[in-house]
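A.B. asks: The opening position of the sequence shown corresponds to residue -16 in this note's numbering, with each subsequent residue numbered one higher.
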Amino acid sequence: MPHSTVCLSFDFDALSVWLAYDRVTPAMLNRGEYGARVGVPRILELLRRREVPATFFVPGHTVESFPDETESILAAGHELAHHSYAHVDPSGQSPEDERADMERALAALERIGVRPLGFRSPSADLSAVTLELVEELGFLYDSSLMTDDYRPFRPRIGDRVSRDSPLERGREARFWELPMCFELDDWVHFQFNFDPYRKGGAAPSHVLEIWRAELDFMDANVEGGVLTYCMHPQVIGRGHRITMLDQLIGHCLDVGARFERMGDVAQRLG
Ligand SMILES: [Zn+2]
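So, in structure tokens, the structure goes:
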């Protein structure tokens, strides 16, 4: 039976995710900076020790605000992928603004020598034109959708559906979807916030139980499945959580799963 693949992905949002809130304060921005100051070095040390490759989705705003930390990810051999410029949810952008934001982020990555293979939408949401843009700009994969769980697939572009009319399927995209889900997203479980209120604060043992069970189910039931974990340096970087990630990596290795950068998965799929 083909082996299971695990993709560790880190959305290095830093300040950008907080700037997308309606009301941002200096204290919120400092919470974002923790991801660059503490989270990234701590994650890189763990990945180095475990000899595991990973994918970092980095907004252009982060590339330009934290060039040394971004460079350290590249220098360690990990993949840098596209995560918008300023972490604005595309579902609320005009098509012109969305294109300009995407191109500005591409330019920021190109200035450090990166032609990204993959895209993840900020906030895991889409506008009506996002997938077309992803295809037009030549990405090999997207990782924003929850249509499937363990099987990469070609997402559809141009679906038509409403309350009055059933689904009319669009065409298949030329790129792969490497699906994500909120259950495997550290922000959802751990990140506290006052306004808008987010409970956060989950025990890592609770999250590890969920994250391990997803891998175990896939490994037992899906041939050659691909499981994507989505994390944020400013969230997973805390001591008790990085310990959990270390334990998760150990479990994946114990069951014989292999770690791959998402771009390598997309290239392997052809
Ligand atoms: Zn993000």
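Every residue gets a Cβ at the ideal spot worked out from N, C-alpha and C, and that includes glycine.
Near residue 224, which residues of its chain fall below 6 angstroms by C-beta distance, leaving aside the five closest residues on each side in sequence?
C.D. replies: Hits under 6 angstroms: 187.
A.B. asks: With a Cβ-Cβ cutoff of 9 angstroms, do residue -9 and residue 35 count as a contact?
C.D. replies: yes
A.B. asks: By how many angstroms is the C-alpha of residue -15 removed from the C-alpha of residue 208?
C.D. replies: 8 angstroms
A.B. asks: Counting Cβ pairs, one atom from each stretch, are 3 or more of them under 8 angstroms apart for the segment 15 to 30 and the segment 52 to 60?
C.D. replies: yes
A.B. asks: Does the distance from the CB of residue 101 to the CB of residue 62 come in under 9 angstroms?
C.D. replies: Yes. Within cutoff.
A.B. asks: Which residues have a Cβ closer than 6 angstroms to any heavy atom of ligand 1, listed in chain order?
C.D. replies: -6, -4, 0, 66, 70 and 105
A.B. asks: Where DSSP assigns a beta bridge to residue -12, which residues make up the other side?
C.D. replies: Per the DSSP secondary-structure output, residue -12 pairs in a beta bridge with 209 and 241.
A.B. asks: Does residue 41 come out as helix, strand or coil in the three-state DSSP assignment?
C.D. replies: strand
A.B. asks: So for residue 314, helix, strand or coil by DSSP?
C.D. replies: With the chain represented from -16 up to 253, any question about residue 314 goes unanswered, as that position is not in the structure.
A.B. asks: Tell me, please, which residues DSSP counts as bridged to residue 194.
C.D. replies: Paired residues: none, contrary to the question.
A.B. asks: Return the chain-ordered list of same chain residues with a C-beta closer than 8 angstroms to the C-beta of residue 182, the five sequence neighbours on each side being excluded.
C.D. replies: 175
A.B. asks: Can the beta-carbon of residue 214 be found closer than 9 angstroms to that of residue 133?
C.D. replies: no
A.B. asks: Counting only the same chain and skipping the five closest in sequence on each side, list residues whose C-beta sits under 7 angstroms from that of residue 82.
C.D. replies: 116
A.B. asks: Could you work out which residue in 194, -3 and 119 is closest to residue 50 when comparing CA atoms only?
C.D. replies: -3
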